[in-house]
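To start, the structure itself, in structure tokens.
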DNA sequence: ATATCATATAGGCATTTTCATATATGCAAC
DNA sequence: GTTGCATATATGAAAATGCCTATATGATAT
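Chains as they are written, first to last, in this note's numbering: chain A, 1 to 187; chain B, 188 to 374.
Okay, here's the thing in structure tokens:
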């Protein structure tokens, strides 16, 4: 899957592994992430498959850069992935829910502390998305050489981030209240 | 992480790998899943670590079962995981959002078809959660030998499933409309 | 009769992901 | 001066995960 994230970005313009890491961290972080070492490995694999090409670019004052460029085969591969029907939901893995599920094995106080901690993290994430203005997205779009249609899709993923975090915070608040009430009834 | 899911269930009562697969598929599927072969591997690892023990149970008319039982060390390990603070959000991986992000590379018709397909899958998932009555949860609880407090936590994870699917469908509807409007404007 | 399904365990292989580490440069901080 | 940070690439080891296959039994379906 990371393969397509890399092809997707290289479809805009040539980039290095380091560039891609920064771009992923700032734009797809909330629905796709990757470790720097994994990015380098995947780029090598893509070059071996002939989906991208690379060339070394010397820099004064900084280490050499290996710049990757997408090939026609790469573009075709990306396109066929984009068009392939998605017949399944992406399965979720959510550590907090796993913990909550088994939380009868510990004290409500311990659970509440963790829920409150998570609330603050998700509040931060929400603020991050809300702080992204249309001007920011426009700026990213220009840097990537993106088309007007890109802005629509990029904003849709940003909107998904907002809805997700709002939902998550709502669930946390609800759950914190329910556990607190349960605790009061016990007394 | 699967390790703790297995310890969590074995903390209620002794179970086989096959049992655990069925239980995970019916109760934690929407926030934690695992392949059967992965479950068997993890159980072996847990036994080697001394967190669980196993014994063979012969059955007439069916293959022998290897029944796993949690040890005191296993219980202690589970408890310390439950109490450990969770300082990070679980990172998401969502294929649909990755595709949408790069969808300027294909036709809006192709994107819309995939969004509608996903809508039907998420609608199904929502119906599944809404169909789970308190009686069903009560039934599961009795089978597992669970305490009253468990029902509260289990229902919280079910509620998370409902909110998540409602949010997802809302985002899909919004996004379908926005892409459709964009398409009309183009004409 | 034959095929498939549910039960039950497990090995093998490849891929994916994470974590730690190594190298190299130049700049800023202390 | 030396420590740490940003830039830049990469390897190695280990863990986690996913997919396929093999084995065995009895029941059910066609």
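Idealized CB from N, CA, C, for every residue including glycine.
All values reported here derive from a predicted model rather than from experimental measurement.
*Using a beta-carbon distance below 8 Å, is residue 197 (chain A) in contact with chain B?*
Summary: the structure shown does not reach residue 197 (chain A), with chain A confined to residues 1 through 187, and so no result is reported for it.
*Does residue 167 (chain A) come within less than 8 Å of chain B when only Cβ atoms are used?*
As a working note, residue 167 (chain A) is residue 167 in the first chain. Residue 167 (chain A) has a beta carbon lying within less than 8 Å of a beta carbon in chain B.
_Rounded distance between the beta-carbons of residue 68 (chain A) and residue 54 (chain A), thought under 8 Å_ = By 1-based counting over the first chain, the position of residue 54 (chain A) is 54. By 1-based counting over the first chain, the position of residue 68 (chain A) is 68. Contact flag correct, Cβ pair sits at about 5 Å.
*Could you have a look at residue 57 (chain A) and say whether DSSP puts it in helix, strand or coil?*
Your numbering for residue 57 (chain A) matches position 57 in the first chain. Three-state result, residue 57 (chain A): strand.
*Determine the closest residue to residue 367 (chain B) out of B:356, B:294, B:323 and B:336, with distance taken between C-alpha atoms.*
Residue numbering aside, residue 367 (chain B) sits at position 180 when the second chain is read from its first letter. Per the Cα distances, B:294.
*Report the partner residues of residue 65 (chain A) according to the DSSP bridge assignment.*
Within the first chain, numbered from 1, the residue matching residue 65 (chain A) stands at position 65. Checking the DSSP bridge columns, you'll see residue 65 (chain A) partnered with A:57.
*Whose C-beta lies closer than 8 Å to the C-beta of residue 64 (chain A) among residues of the same chain, with five residues either side of it excluded?*
As a working mapping, residue 64 (chain A) is identified with position 64 in the first chain. Hits under 8 Å: 56, 57 and 58.
*asked:* For residue 202 (chain B), list the residues DSSP reports as bridge partners.
replied: Taking the second chain and counting its residues from 1, the one referred to as residue 202 (chain B) is at position 15. Answer is B:255, bridged to residue 202 (chain B).
_Alpha-carbon spacing of residue 121 (chain A) relative to residue 275 (chain B), whole angstroms_ = Reading the first chain from its first residue, position 121 is the one you call residue 121 (chain A). Reading the second chain from its first residue, position 88 is the one you call residue 275 (chain B). For residue 121 (chain A) and residue 275 (chain B), the gap between their C-alpha atoms comes out near 7 Å.
*asked:* If distances are taken between C-alpha atoms only, which option among B:319, B:260 and B:313 comes closest to residue 198 (chain B)?
replied: As a first step, residue 198 (chain B) is located in the second chain; it is residue number 11 there, counting from the start. Residue B:260 holds the alpha-carbon nearest to the alpha-carbon of residue 198 (chain B) among B:319, B:260 and B:313.
*Can you give the Cα-Cα distance for residue 233 (chain B) and residue 188 (chain B), rounded to whole angstroms?*
Sequence index remark: in the second chain, residue 233 (chain B) carries index 46 (1-based). Sequence index remark: in the second chain, residue 188 (chain B) carries index 1 (1-based). Approximately 12 Å between the Cα atoms of the pair.
*Taking only the alpha-carbon atoms, compute the straight-line gap between residue 325 (chain B) and residue 344 (chain B) and give it to the nearest angstrom.*
Your numbering for residue 325 (chain B) matches position 138 in the second chain. Your numbering for residue 344 (chain B) matches position 157 in the second chain. If I take the Cα positions, the gap works out to 15 Å.
*Would the segment 134 to 154 of chain A and the segment 107 to 117 of chain A be scored as touching if the rule is three or more Cβ pairs under 8 Å?*
No, they do not touch.
*Just how far apart, CA to CA, sit residue 28 (chain A) and residue 144 (chain A)?*
In the first chain, the residue the question calls residue 28 (chain A) occupies position 28. In the first chain, the residue the question calls residue 144 (chain A) occupies position 144. If you take the alpha carbons of residue 28 (chain A) and residue 144 (chain A), they lie about 14 Å apart.
*Could you tell me whether the segment 198 to 208 of chain B touches the segment 167 to 181 of chain A, using the rule of 3 or more Cβ pairs below 8 Å?*
No contact exists between the segment 198 to 208 of chain B and the segment 167 to 181 of chain A.
*asked:* Please report whether the beta-carbon of residue 367 (chain B) lies at a distance below 8 Å from any beta-carbon of chain A.
replied: On the second chain, position 180 is the one that residue 367 (chain B) refers to. Put simply, the CB of residue 367 (chain B) is far from chain A, with every gap to its CB atoms at 8 Å or more.
*Provide the residue span of the alpha helix (DSSP H) that contains residue 330 (chain B), from first to last.*
As a first step, residue 330 (chain B) is located in the second chain; it is residue number 143 there, counting from the start. Taken as a continuous stretch (DSSP letters only), the alpha helix (DSSP H) holding residue 330 (chain B) covers 321 to 331.
_Does any residue of chain B have a CB that is nearer than 8 Å to the CB of residue 106 (chain A)?_
Looking up residue 106 (chain A) in the first chain gives position 106. Answer yes: the Cβ-Cβ gap between residue 106 (chain A) and chain B drops below 8 Å somewhere.
_Within chain B, partners of residue 83 (chain A) - CB distance below 7 Å_ = For the purposes of this step, residue 83 (chain A) is taken as residue 83 along the first chain, with counting starting at 1. Neighbours of residue 83 (chain A) across chain B, judged by C-beta separation under 7 Å: 293 and 297.
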